[in-house]
Each structure stands twice: as structure tokens, then as C-alpha cells.
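K.L.:
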Amino acid sequence: MCPEDAITLHRMPSAMSAHPVWTENARRDVFTQSRTGAILLASTGNELYERVIFDNLLLDACQVTNPAIDPLREPIELRTYIGRKPRSLEFETIGDSIKLKTELSPALKLDIPIMIAQMSYGAISLEAHEALARAAVMRGTTMGSGEGGLHKNLYPYADHIIVQVASGRFGVHPAYLEAGAGVEIKIGQGAKPGIGGHLPGTKITEEISEARMIPVGADAISPAPHHDIYSIEDLAQLVNALKEATRYKKPVFVKIAAVHNVAAISSGVCRAGADAIVIDGFRAGTGATPKVIRDNVGIPIELAIASVDQRLREEGIRNETSLIASGTIRNSGDVAKAIALGADAVKIGTAALIALGCTVCKKCYTGKCAWGIATQDPRLRVRLDPAEGAQRVSNLLLAWSIELKEILGAAGINAIESLRGNRERLRGYGLDHTTLEILGVQHAGS
Amino acid sequence: MRIVANYKHYKELNEQIVQAVENGVATLTIDDVNGQRFIADCLRGKLKIDLHGTPGNDLGMFMDGPTVTVFGNAQDGVGNTMSSGKIIIHGDGRDILGHSMRGGKIFVRGNVGYRVGIHMKSYKSNIPIIVAGGRAGDFLGEYMAGGIIIVLGINNASKGTEILGDWVATGQHGGAIYVRGEVDDSKLGKGASQFPMTADDEITAKKVLAEYCNVFGLDLDRVFETEFTKIAPVSHRPYAALYTCE
Numbered sequence: 001m002c003p004e005d006a007i008t009l010h011r012m013p014s015a016m017s018a019h020p021v022w023t024e025n026a027r028r029d030v031f032t033q034s035r036t037g038a039i040l041l042a043s044t045g046n047e048l049y050e051r052v053i054f055d056n057l058l059l060d061a062c063q064v065t066n067p068a069i070d071p072l073r074e075p076i077e078l079r080t081y082i083g084r085k086p087r088s089l090e091f092e093t094i095g096d097s098i099k100l101k102t103e104l105s106p107a108l109k110l111d112i113p114i115m116i117a118q119m120s121y122g123a124i125s126l127e128a129h130e131a132l133a134r135a136a137v138m139r140g141t142t143m144g145s146g147e148g149g150l151h152k153n154l155y156p157y158a159d160h161i162i163v164q165v166a167s168g169r170f171g172v173h174p175a176y177l178e179a180g181a182g183v184e185i186k187i188g189q190g191a192k193p194g195i196g197g198h199l200p201g202t203k204i205t206e207e208i209s210e211a212r213m214i215p216v217g218a219d220a221i222s223p224a225p226h227h228d229i230y231s232i233e234d235l236a237q238l239v240n241a242l243k244e245a246t247r248y249k250k251p252v253f254v255k256i257a258a259v260h261n262v263a264a265i266s267s268g269v270c271r272a273g274a275d276a277i278v279i280d281g282f283r284a285g286t287g288a289t290p291k292v293i294r295d296n297v298g299i300p301i302e303l304a305i306a307s308v309d310q311r312l313r314e315e316g317i318r319n320e321t322s323l324i325a326s327g328t329i330r331n332s333g334d335v336a337k338a339i340a341l342g343a344d345a346v347k348i349g350t351a352a353l354i355a356l357g358c359t360v361c362k363k364c365y366t367g368k369c370a371w372g373i374a375t376q377d378p379r380l381r382v383r384l385d386p387a388e389g390a391q392r393v394s395n396l397l398l399a400w401s402i403e404l405k406e407i408l409g410a411a412g413i414n415a416i417e418s419l420r421g422n423r424e425r426l427r428g429y430g431l432d433h434t435t436l437e438i439l440g441v442q443h444a445g446s
Numbered sequence: 001m002r003i004v005a006n007y008k009h010y011k012e013l014n015e016q017i018v019q020a021v022e023n024g025v026a027t028l029t030i031d032d033v034n035g036q037r038f039i040a041d042c043l044r045g046k047l048k049i050d051l052h053g054t055p056g057n058d059l060g061m062f063m064d065g066p067t068v069t070v071f072g073n074a075q076d077g078v079g080n081t082m083s084s085g086k087i088i089i090h091g092d093g094r095d096i097l098g099h100s101m102r103g104g105k106i107f108v109r110g111n112v113g114y115r116v117g118i119h120m121k122s123y124k125s126n127i128p129i130i131v132a133g134g135r136a137g138d139f140l141g142e143y144m145a146g147g148i149i150i151v152l153g154i155n156n157a158s159k160g161t162e163i164l165g166d167w168v169a170t171g172q173h174g175g176a177i178y179v180r181g182e183v184d185d186s187k188l189g190k191g192a193s194q195f196p197m198t199a200d201d202e203i204t205a206k207k208v209l210a211e212y213c214n215v216f217g218l219d220l221d222r223v224f225e226t227e228f229t230k231i232a233p234v235s236h237r238p239y240a241a242l243y244t245c246e
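Heads up: the protein sequence lines correspond to chains A and B, in order.
All letters in the first sequence, in the order written, are residues 1 to 446 by this note's numbering.
All letters in the second sequence, in the order written, are residues 1 to 246 by this note's numbering.
1) Put ASP275(A) into one of helix, strand or coil per three-state DSSP.
2) Under 8 Å by Cβ, that's how I've got SER167(A) and PRO225(A) pegged, so tell me the actual separation to the nearest angstrom.
3) Check whether the Cβ of GLY357(A) lies closer than 7 Å to any heavy atom of the ligand NAD, and answer yes or no.
4) Assuming SER122(B) is part of the alpha helix (DSSP H), what are its boundary residues?
5) Mind pulling the chain A residues with CB within less than 8 Å of PHE62(B)?
6) What number of angstroms, rounded off, separates the C-alpha of HIS9(B) from the C-alpha of GLY35(B)?
7) Look at the Cβ atom of HIS236(B), then the Cβ atom of ASP385(A), and state whether they are nearer than 8 Å.
8) Tell me the residue span of the alpha helix (DSSP H) that contains ARG180(B).
9) Could you pull the start and end residues of the alpha helix (DSSP H) that PRO386(A) belongs to?
10) Measuring CB to CB, does ILE149(B) end up less than 8 Å from GLY117(B)?
11) What residues in its chain sit with their C-beta under 6 Å from that of PRO290(A), if we drop five residues either side in the sequence?
12) Rounded to whole angstroms, what is the Cα-Cα separation between SER251(B) and VAL70(B)?
13) Report yes if the C-beta distance between ASP50(B) and VAL4(B) is below 8 Å; otherwise report no.
14) Can you find a CB in chain B that lies within less than 8 Å of the CB of GLY168(A)?
15) Residues of chain A with a CB under 9 Å from the CB of THR54(B): which are they?
16) Short of 6 Å in beta carbon distance, which residues of its chain neighbour GLY201(A), apart from the five on each side in sequence? Order them along the chain.
17) Whole-angstrom Cβ separation of MET143(A) and ILE161(A), contact assumed at under 8 Å?
18) For LEU28(B), which of helix, strand or coil comes out of DSSP?
19) When the Cα atoms are used, what is the spatial distance from PHE62(B) to GLU127(A)?
20) Quick check on ASP58(B) - is its C-beta less than 8 Å from some C-beta in chain A?
21) Does the CB of SER125(B) have a neighbour CB from chain D at under 8 Å?
22) Do the CB positions of GLY268(A) and GLY349(A) come within less than 8 Å of each other?
23) Return no unless some Cβ of chain A is closer than 8 Å to the Cβ of GLY171(B).
24) If I follow the unbroken alpha helix (DSSP H) through GLY333(A), where does it start and stop?
25) Name the chain B residues that come within less than 7 Å of GLY197(A), Cβ to Cβ?
26) Taking GLU314(A) as the reference, which of ALA191(A), VAL252(A) and ALA264(A) has the closest Cα?
27) Do the stretch 160-172 of chain B and the stretch 186-201 of chain B touch if we need at least three Cβ pairs shorter than 8 Å?
28) Is LEU152(B) close to chain A? Criterion is C-beta to C-beta, closer than 8 Å.
29) Of all the CB atoms in chain B, is at least one closer than 8 Å to the CB of LEU40(A)?
30) Would you say ARG115(B) reaches chain A, if we count a Cβ-Cβ gap shorter than 8 Å as a contact?
31) Indicate the three-state DSSP secondary structure (helix, strand or coil) for PRO225(A) in the structure shown.
32) Are the C-beta atoms of MET16(A) and some chain B residue less than 8 Å apart?
33) Using alpha carbons as the reference points, say which of THR244(B), TYR243(B) and ASN214(B) lies closest to VAL108(B).
34) When you compare the stretch 428-437 of chain A with the stretch 43-57 of chain A, are there three or more beta-carbon pairs, one atom per stretch, that lie closer than 8 Å?
As C-alpha cells, then:
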């Protein structure tokens, strides 16, 4: 307000008139589609639902009866092992020494329960890929190759990279499979459950062509399904083929989107032999997806992870696989809540890109990312320094790790292991009865 | 070296094969192959493996170099996501043979099943090749992005039946399919079309088929007595107009 009343504000006469249902965005979308007759593309995550269940979950802390732990004085363990855990352990005694008899499955040893999500070289620049890989090495965790193969510059970091095998099978060859810390089969992703992906030929540069092993300028089409997977049995076959290929030395992950029947599907995926299941919620980000799919398909990660954890426990197979939650993990509070709901670890995508400079302008699909992240344009790519980017992502992971220790210490817990599926340490606030029931969480005050 | 597969679990058999290869064995014969999966999975180098019997699914998956010969029929997924090498099948092959194959050759004397050569792709000198002596089932070369598929229809068993199934090369955006004889347009999926054989196509097909005929003891000239039809993509970017943005 102008104290002298010298300035008055008028709505611009040429602006669209306001309407509560026919929002400006809704009208703009109709304009675009009536002009082109084509599928509307969008980037980042779901914009339709503002409510995030994490924001209605509260963490517990100790007062008097069970003392809090001071993380500055006492060790708090964030070490996380991803992979199949044995149902029981058998030992044998040879003379004075005790030897483990049970054969252990290959597991990933992570220093923190936060991994960097699968983002392909092609969707993001080589500089961004390298920054994320280096950050993973710095913080003792992993990043995902995405489905676009691995540029030769990334191979030195491959023991901190989960290599992905998606329906397009781009850049999948023996050296790629053998290089990774683990292999991830991508069935679906939260931003586009059930549909494939088309990286337009205009983005297939010489270097991307080499990593994906396809000609320059041709579309890189990832079909909606894997054509060798039409059932859980077929999935088991690919899981086993990858285990055979890597001689049973690496965990095999399966990534699925959180859809309506996610608990039953996860049970099948677990029984198919997946050492870890990545569940990607409906708010998960992406470089490009049909807007209608992004905004309308899938379910929230909070409900998905809780129901999957519950289902696998009921079936007595929770130890057979690790659960990894992804799709809008925005801060260490979200990490703690996802783990308390049943996840072994989380994956972050958008948060890591924001650390690199992303401002969530939502224009990834144009390939003109001003921060040199979601682009292949050499003039834009030079703006991103991989070393500086790696340091920033590493800083973020470090900050969250320290905060996680604070959260754990406050709750009187000295290892992240003890928070897993510990829903007793969560309370809902302003959540309805059904939501609370699915989450397995009581309302605050109860 | 000889191994008898018989009732061995695939894990045991494949471990034996890997051990043999690590010990420097370059020629391997496996008898009584009985549906064991993932044989030669991810194997590399200039090995020669002969299989007597019926190998199970995903024979030669991710394989990069070896030559595998099957004296019998093979099951689903032969050469799945294979990088290089050669697979020769004296009987029939089944579904998704050569799925996402990126190099090497698969020669089948008999028929092949559904969804063969789906999403095959080529990169520079890595050009995957599939030749089926008999007929091919539905969805041949769907989403094909590169490489060569040849269907000959020369098996006695396929007389009177059609050489190709339906929905051939839907979404094709690279590579070529050569079919011996005429192809009805109704067989083709969206994105693929018939083209006249060019001189280059003739040279390519002859080169591949000379090797194929040599392997199976067929007469190359007789194979070429019937004219070939070429199926190729209409566009390398079939879905370019599918999307829009603000």
C-alpha cells in the first residue's frame, strides 16, 4: 500500500479473468492442445496435489523416562546394508574360532540411508551425471546410471553406481553390468507409471549415441513394458539372468512405480528374487512425461511404502528384500519418516538436482536448462562444474546425515536400523482414519 | 571338453561352464542339454560351445563373442540383449529371439516364434543379424531400431503357411527386414513400409546368406531364385509429432 495513496493497483485488462476451476493453466493447456493435437509434456513431479502426507506426520522424541542421546558425544549409526538378509544365522565352531556357516547374499554397504536416484545421461548432462557420481563416492553411497548407459568418464566411479536395465536396454553390455555396484531393473517410475519413454532424436548427440549405442539423431524409444517380462515369472527370469551375468556378486534391484496394487506387486517382485525393491511415489520427478500421466497416475509414496512393508511382514518375507522409497524426499525429516514407515533407505533425485543449481523451473523437456543440468547444449553444460556440483550434493547429504543423527538421538535411538518400520515413533496430525490405518500410525495425542 | 547337462540345475551347469572358460577351455561340448536356462549368459571371448539337446530360455543373453551351436531346438529369449558372437540353431527358435540385440548373428535353420528381433538396435559397426530359415510369428521386428532380419520361408514344414505373422515391424525406426517372396501390406504394423531392394540391399543380403547357407549346407543360388521384399521404417523419428509443450 502506498501511504500517500499515490499508487493504485489494477488488474491488467488483457490478463485472463480469474476462475477457481478453469485456472489459467487449465486454459493454457487447452490452447496448446487445440493448436497441436498432441500429448502435453511436463517435467518435474505432480503439481495437482499440494498435500504431502509427510507434512502431517510427526516424529517422536524422548523426555525424562528414556533419555535422549547426544549425537555430538555418542556414536549414532547410519550404516545401511541393502540386500537380502538371511532368515537365521548358523555358525560352526572349529577349535576356538567360530565361523559363519550361512551363505550371505551380496549386499550394498552404504554409509548413509540416502541414495541418489536413477537419472539417465541424456535426460541430464554428462557434467550433472559426473557430479552426482562423485558426490556418491564422497558420501559413501550410490547414484543411478539411469537407462542411458554409462559414459566412459563415469566408469572410474562405477563401484558407487547402480547400473540400470530398462525396457530400451540402451548401453547394456557385459562391461556395463560388471562395472556397477548393483543392477537395477526399471519396470516403472513414479512420474510415468506404465508408460515408456521417448528421448527425441534431436537430443541424441555423438556422445549420447556412444553411451546408448544407437545412431545419432534417431529417437531412443523405451517401450512401455520389457518385451521379455509379461509376468512375475518372467521378471524372475530377468533377475536370475542378471545374477548369472554378474556371477551372484551384485544385488539386483527392481524399481516400480507406486500404483494401486503396489503391495501385492511388491510381494511378487520380492518372490521373483529382487534383492531390493525401489518404490517410486506419484510425486516423483522426471525430465519429461505426459502431464496427464504425471498428475493423475499412481499413489503417494507414504501410503505405498507403509502398505508394502506391512504386506511383506505379514507374509514373512520382509527380510528377503530391502525397500527403498523415492518420490519427493525433500529433507532429512522426510528421510526419517520414510524409514519409520518401513523403508530401508531413500533415493533422492530432484533434491540432488536442486543442490546442483536447479530452480525447479519445470522446463527440463525443452533441453535448454540454464543451469547445465537437463541439457546437452555445450554452451549451457559449461555452466556446471562437476567438482563444485559434487561438493554441493555431498554437502547436502552430509547435512541431512547430521540432522538424521539429531533426529535419532532425540528419539533415543542410536542406529538407523532401529528406526526401520518403527511406526510407534510416528504420529499423524490432521490425517483421516483410513490414511492412519494404512500408514499403521496413531493420531497425535493418542 | 565335454559336459553332460542332463538334470543339472542351470546354476550348477553354468558355474561349470564359467569355470571351464576361466581355466582356458576354448571348445566346449555339452550333451543332454535339458532346458537349462542362461547358458553362455554374459560370456565373452572367442569360445566355441556346442549344445546337444534343448537349451532353456535366454541362451546367450548379454553374450559378447562366443559361437554357440545348438543341435536341436531352442526355447525363448535366444540372444537376448546380446552384444556380439554367433548363435546357430539347427532346429527352431522360439519367442523374443534377439530381443534388444545390439550385435552378432543368430542363424536359425527352422522357424522362429513371436516377437522376434524386438527393439534390435545397431551402432556403427555393431549390426545385429537374425536369419530364420522358416517362418516368423507375429510382431516380428517391433520397435526395430537397427540391424537386419531375414526370413526365408524355405522349410518344408512351412509350405502352405504364411512366412510372416501379423503386425510386422510396428514402430520400426531403423534397420531392415528382408523377406524371401512377396509380403502383403496388411501384414505390416504402423511405422513400417515396403521398399524396393536396392543394389546395396542385395549385396548385404547375399553376404549374410552366403554365410548362412554355408553353415547349413544350403544352395545360395536357389535361395535367391525367389525375389526378396524389403521392409524398412517410414521415419527414424516416428513419434516426433506425438508431443507438445507450452
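In this text, a Cβ means the ideal position worked out from N, Cα and C, and glycines have one as well.
As the structure is a computational prediction, the values presented were derived from the model and not from experiment.
P.N.:
By the coordinates alone:
1) coil
2) 6 Å
3) Absence of the ligand NAD is noted for the structure shown, with no ligands found whatsoever.
4) Note, SER122(B): premise wrong, no alpha helix (DSSP H); not H, not E.
5) VAL172, HIS173, PRO174, LEU177, ALA241 and ALA245
6) 9 Å
7) no
8) Looking at the DSSP string, ARG180(B) is not in any alpha helix (DSSP H); the run it does join, the beta strand (DSSP E), is 174-180.
9) 386-410
10) yes
11) ILE39
12) Outside the shown range of chain B, which is 1 to 246, sits residue 251(B), and nothing can be said about it.
13) no
14) yes
15) The contacting residues do not exist; THR54(B) stays about 17 Å from chain A at best.
16) GLY217, ALA218 and ASP219
17) 6 Å
18) strand
19) 29 Å
20) yes
21) As a matter of chain content, chain D is missing from the structure shown, whose protein chains are A and B.
22) no
23) yes
24) 332-340
25) Simply none; closest approach about 11 Å.
26) ALA264(A)
27) yes
28) no
29) yes
30) yes
31) coil
32) no
33) ASN214(B)
34) yes
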